[in-house]
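Protein chains in written order, with my numbering: chain A, 13 to 360; chain B, 13 to 360; chain C, 47 to 380; chain D, 47 to 380.
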Amino acid sequence: MVTIDMEQPEGRKEGLRRMLTIRLFDETAEKRFLDGDIPGFVHPYIGEEAVAVGAIGALEPDDYITSTHRGHGHCLAKGLDPERMMAELYGKREGYCKGKGGSMHIADVDAGMLGANGIVGAGPPLATGAAFSIQYDDRDQVALAFCGDGGIAQGQVHEAINMAATWDLPVVYVVENNQYGEGTPVEKQHNVENLSDTAHAYDIPGFTIDGMDVTAVYEAVAEARDRADAGDGPTLIEAKTYRYRGHFVGDEEEYRTDEEVEGWQREDDPIETFKQRLVDRDELTDEEFEQLREEIATAVDEAVEHAREAPTPEPDEAYEDMFAQPAPEIQHFAAQFRADGGERGDDR
Amino acid sequence: MVTIDMEQPEGRKEGLRRMLTIRLFDETAEKRFLDGDIPGFVHPYIGEEAVAVGAIGALEPDDYITSTHRGHGHCLAKGLDPERMMAELYGKREGYCKGKGGSMHIADVDAGMLGANGIVGAGPPLATGAAFSIQYDDRDQVALAFCGDGGIAQGQVHEAINMAATWDLPVVYVVENNQYGEGTPVEKQHNVENLSDTAHAYDIPGFTIDGMDVTAVYEAVAEARDRADAGDGPTLIEAKTYRYRGHFVGDEEEYRTDEEVEGWQREDDPIETFKQRLVDRDELTDEEFEQLREEIATAVDEAVEHAREAPTPEPDEAYEDMFAQPAPEIQHFAAQFRADGGERGDDR
Amino acid sequence: MTAHAELETEATDRMTVREAINQALREELERDEDVFVMGEDVGVMGGVLGVTDGLLEEFGEKRIVDSPISEAGLAGLGTGAAATGTRPVIEIMFSDFLGVAAEQIINQMAKMRYMFGGKIEMPVTVRTTEGGGMGAASQHSGTIHTWIAHFPGLKAVAPGTPAAAKGLLKSSIRSNDPVFFFENKMIYEDSGEVPVDEEFTIPIGEASVERAGDDVTVVATQRLVGESLDVADDLEGDVDVEVIDLRSLYPLDTDTIVSSLEKTGRLVVADESPLSYGTHAEIATRAMEEGFFSLDAPVQRVGTPDTHIPFSPPLEEEVLPSGADVENAINRIV
Amino acid sequence: MTAHAELETEATDRMTVREAINQALREELERDEDVFVMGEDVGVMGGVLGVTDGLLEEFGEKRIVDSPISEAGLAGLGTGAAATGTRPVIEIMFSDFLGVAAEQIINQMAKMRYMFGGKIEMPVTVRTTEGGGMGAASQHSGTIHTWIAHFPGLKAVAPGTPAAAKGLLKSSIRSNDPVFFFENKMIYEDSGEVPVDEEFTIPIGEASVERAGDDVTVVATQRLVGESLDVADDLEGDVDVEVIDLRSLYPLDTDTIVSSLEKTGRLVVADESPLSYGTHAEIATRAMEEGFFSLDAPVQRVGTPDTHIPFSPPLEEEVLPSGADVENAINRIV
Ligand SMILES: Cc1ncc(C[n+]2csc(CCOP(=O)(O)OP(=O)(O)O)c2C)c(N)n1
Ligand SMILES: Cc1ncc(C[n+]2csc(CCOP(=O)(O)OP(=O)(O)O)c2C)c(N)n1
Ligand SMILES: [Mg+2]
Ligand SMILES: [Mg+2]
């Protein structure tokens, strides 16, 4: 049973709903970051929604994924709760990581979401490990790793693909080629036209697909999942897409023109295109779409409201969760700080 | 001016001479290791002579190379002095590294030999750095990195190739596929038939050639060098070859059969084949070949004799060469040990 | 060695460190189906230094996995596998190669539990061999355990005896935290008595007083445990030396060290790491923090003098810390 | 700050740490054609935290090189380039990413000179930013300089003021050894007086007494230098605090620390590294070794309590060492 059955009208609507959720969630996160509400870094997924939703839609719900620093889209596509995600962005205890992780580390292992990841290129080896566990236990799952166009320059990605190819591990690698790694265009990071050519180095199937088309992504990943599940090993899929926003909120984007950005938005917007497709097929009306948008907008606003009100973690919680049992060192330091009067912070 | 002009009879004879030097040097090193004369590890290059000699022969003398743990062949092909090499294997001060390096770290930067290397996969990034310097200074050189079939599984090799491909750096990567990484056959480390397929991932020329044929290696590298020198970027060459000996001297080789080893030796021996080619062309007689062998054998024996007699380093030299100028810490420790009576060693 | 009330038998067998490690692996593989061993040449070759010999024959290719030469991949695969229900024992052939794997170790394996708010287990063990003495030169002789002991979220053990090796490796494998198990390559042939009971384990974080003495405490690790015991024997009658096998680097058993110091008033720390910012400094500092008024003399450090390990035997012997250095250090303060 | 007889002018300009680093790069790029700057987004973006801003415009693509995201490749390329006649300045964006590059750093960059018997130069500088305080969470907030300070063959500096940043970066680039230049990301906006003379450099291995005092010595690094100076001001009248900016981690200026200790008898070490096996322990141990009889109280350590840096502001604030902790530490021993 796939996560989102895009062969059915209801599934397609659900796909659209998740794409829209990602868009509105990140538009809101962006605003709240600019307000100074959300600390740290926020890397919006806006523009790339078709990749996360198409890819994760084609997985079974208990399949594993690993994500990247730009992970909100993957989380929401995997079905994570916007409320607990927003709470995490706000650094609140109710967040998925009790506020310890923040935007770049949201994880929900029970949902098969093995974490957003602040280290470019780190996800594919982890997903390969998950695939190893699956194969070891002969479980009926697969693992899927997202990786950026910048990320595939990392050697550890290649090590992972080679291992998976050699051992026919049940894993799918999805390269989100959004044309840039921070401010550096893909042509300045790679010599190949299509990053799916990487597959040749490991004699595994490789495909370059239109990452603005959720159906195309869904179909490619569905096939790859079947291959993985059948014991035929990994597949590498490059989804060409585009990030509408800067690398992170606050990026001045001096490395590209407004025309370039607007061109992609006008011609290829994944939500607009898919919505139109559903409307053309009479599966959706414009009114329904607007209603959907409002529902989601309300839910996201409520998530923000909730996150704002939610309690912050107590300072003492900082000493927890380092190990399965507390290490004596950490207990010692915590006790010392308490003895000093509990004053660790500073008014700098 | 290439290092060994294999287009000319004299050059071909020189090629044969170097191959034979490698063989006899390593046969001798092996014996002296088994005698307990040579400490540490020795990784013989026996059987793979055509790769080092063909590849380095096609370079200009001041081109750079990086090598591997199995570096004697590369050193001798690059023209390093067997006497100073043997002294290094014996840990003597006259060795190329004053005895600090040993078999796995022989280097002669002035000769363009940037070091054997105990870390599998470390050479290609270093050669890529040398190629960067060359391009930066617009010098008339190239860099060449040797890497094993095992080594190409290392991510840093891929990072290096990607950088070189993206920037058209003047570098040649030669993968010595000797069928094994330690005891693990290449099929258990890779999914591809030909490791030159790696080139597709970077859109650079890739070739798989017969690494038992010195002429084939020479020609492929000569072409690749031209490309690099012309500003057309890197090439990846896989030379299929075979190591006749165990991974290191002392390896019990339980992972392969005697028949397999003897098959390669009988059918493909690079020295025997090349010698026969020269004899058939009337460029060499069997007597001349025997004479050559004796000359080299004598030279190698003299190198051993010399290495045996050469003075060992003084213990104090261990504190030298860490930095351009001595660090106060190290001077402090040296002084303390002297104050303690200079006794660091133990009779364990 | 720690007595475990629940052991069925107190019997011991004499074996080497290599055999003790091999036996620990074998027992844990037998005990728990989730345990697998993966590394370069751990299978067909039985490990480049013979430590995993025979495991492939006994447990098969599924559980004893020869991998490509990809240490970052190994660490990442081990981390991802540990997070998803298996219990990997990863071998990094020489500790110098931990550099290749360092990213996955420090940013994933060490941090995942904390970053995820505790909602994951990380039952991975990393075995690796370290130290000089074989003429293996600078890239195969380093002692790098201070890096791991320093890095938050990782546990590190470094046994000095066969019993410690077995008991700690079993605890490492059973732990739900990432534990690094550092084997010194020069003690693989050292032998000693090792409990045979399959439930014999040694808690991570406990040091062991291997020899009691009143005049000076030597806290030693790995090879230097045995060498310090020899020095203690030699000095018997002149100086009464207490020798502690530190066994665990993190968590560190401050209590055992400080109790000993309170008795002897003098401390020597002997560990093969490079001296500056090395393991020694932490032990010295804790001794000072917790035993300031007991210290009759400055703590003495015995280690590698901030050089790499050179190839040539007389040079290697010069830089490697040894029993002679421990003796000199004792003589400086008694 | 060190006076240099040869400076043509003693004039200074007020600038931030970020500007001081940028100026040092600019001057050294101007001075020496062999110097190039390479890293991820150092060019078009001017560095993710703006430190290399404007360099691409001034020096062009040949000398300011945006690279693929390949830290191992960067370290390897830098090492190979330094060995063959250029003088690379490599940026590793965040110090946590040093793990990706660790192999080339420890086995090649650090060891090549020694393994080759001294027959090579290794003029490479690695710049990286570290520390918490930005809500950047565990993978972008680590302080990892102890690793580098511990590893033989590497030099490490970590300035606390704009002048130190400029003078040390210039020395790092001119050095023929690998030098790691650690920038704390929270002090980029701190400003101070910086000598304008282009020959102004600060020798690697010299600490600086930033404020004289008689009662207690605080040896601080990076952000904690400024915070300790503030504490010293606050305590003025009650406790007379001497504050030293350590500046160089390796080599370490033991003399300056011990001289101060001989005067004050009390020592606090404040550094953002995790405490166990951290930078603090080495300084404490050297103080004990060389100033044993001067120490009137145990050395106090101020650092991160062996946790990672959590995301949520109240948690991050809890674990990050601050002026308040320095003050507490002082109060414990005076
Ligand atoms: C190992 C590592 N190097 C560098 C960075 C800094 N960094 C964060 S995101 C990024 C760009 C990633 O580009 P890409 O993989 O294409 O992903 P995108 O941001 O486009 O989604 C960089 C360089 C990092 N987080 N980790
Ligand atoms: C990073 C690293 N990992 C592992 C090793 C141990 N090791 C030394 S040689 C070798 C096999 C290398 O195989 P290959 O690259 O094919 O070279 P060959 O020995 O066949 O010449 C291994 C695993 C090492 N030296 N460095
Ligand atoms: Mg991208
Ligand atoms: Mg091989």
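For each residue, glycine too, the CB sits at the ideal point set by N, CA and C.
- Not one heavy atom of ligand 1 sits closer than 7 Å to the Cβ of A:T210.
- In the structure shown, C:Q69 adopts helical secondary structure according to DSSP, grouped into three states.
- Checking the DSSP bridge columns, you'll see C:V287 partnered with C:V262.
- With a contact defined as Cβ atoms closer than 8 Å, A:R105 and A:P323 qualify at about 6 Å.
- When the five nearest sequence neighbours on each side are left out, the beta carbons in the same chain lying within less than 7 Å of the beta carbon of A:V226 are those of G27, M31, A62, V65, G66, P282, F286, in order along the chain.
- In the displayed model, C:M168 falls within coil according to three-state DSSP, outside both helix and strand.
- Put simply, the backbone Cα of A:G141 is about 27 Å away from that of D:I138.
- Between ligand 2 and C:F338, a heavy atom-to-CB distance of less than 7 Å is absent.
- The beta carbons of C:I136 and C:V170 sit closer together than 8 Å.
- Collapsing the DSSP output to three states places C:F140 in a strand.
- Against D:K231, chain C offers no close residue; the least beta-carbon distance is about 17 Å (beta-carbon pairs closer than 9 Å).
- Neighbours of A:H117 in chain D, taken as residues at a C-beta separation under 8 Å, are given in chain order as A183, S184, Q185, F357.
- In the DSSP assignment, A:T178 falls within the unbroken alpha helix (DSSP H) covering 167-179.
- In this structure, C:E73 lies near C:K216, with their beta-carbon atoms less than 8 Å apart.
- The C-alpha of C:S237 lies about 16 Å from the C-alpha of C:G96.
- Taking the Cβ atoms as the reference, A:L92 lies roughly 7 Å from A:Y108, within the contact range of under 8 Å.
- Taken through DSSP and simplified to helix, strand or coil, C:D317 comes out as strand.
- DSSP, reduced to helix, strand and coil, places D:Q346 within a strand of the structure shown.
- Inter-residue distance for D:P344 and D:S305 is about 17 Å (C-alpha atoms, whole angstroms).
- Within the stretch 250-328 of chain B, the alpha helix (DSSP H) runs of at least 4 residues that lie entirely inside it are, in chain order, 270-280, 282-292, 298-321.
- Within chain C, the residues placing a beta-carbon under 7 Å from that of D:F338 are P344, ordered along the chain.
- Contacts with chain A at 8 Å (Cβ-Cβ) include B:I216.
- For C:N374, the nearest beta carbon of chain B is closer than 8 Å to its own beta carbon.
- In the three-state scheme derived from DSSP, where H, G and I count as helix and E and B as strand, C:M84 is classed as strand.
- Counted as a single uninterrupted DSSP element, the beta strand (DSSP E) harbouring C:S237 occupies residues 237-241.
- Taking one beta carbon from each stretch, the stretch 241-255 of chain B and the stretch 44-51 of chain B have fewer than 3 pairs nearer than 8 Å; the two do not touch.
- An exposed status is given to B:T297, since fewer than 16 other beta-carbon atoms sit within 10 Å of its beta-carbon.
- Distances taken from the Cβ of B:E42 to the heavy atoms of ligand 2 include none shorter than 7 Å.
- When Cβ-Cβ separations below 8 Å define contact, C:T192 makes no contact with chain B.
- The C-beta of D:A183 has 16 or more other C-beta atoms within 10 Å across all chains shown, which makes the residue buried.
- Looking at C:R173, C:Q185, C:R293, C:D99, the one whose alpha-carbon comes closest to that of C:L270 is C:R293.
- Using beta-carbon distances, C:E318 does not count as an interface residue toward chain B, since no partner is under 8 Å.
- The closest CA to that of D:V372, considering only D:L313, D:S358, D:L295, is found on D:L313.
- Taking 9 Å as the upper bound on Cβ-Cβ separation, chain D lies near residues D142, F143, L144, G145, V146, A147, A148, E149, Q150 of the stretch 128-150 of chain C.
- Any Cβ of chain A closer than 8 Å to the Cβ of D:L275 would place that residue at the interface, and such an atom is absent.
- Per the DSSP secondary-structure output, C:T58 pairs in a beta bridge with C:P241.
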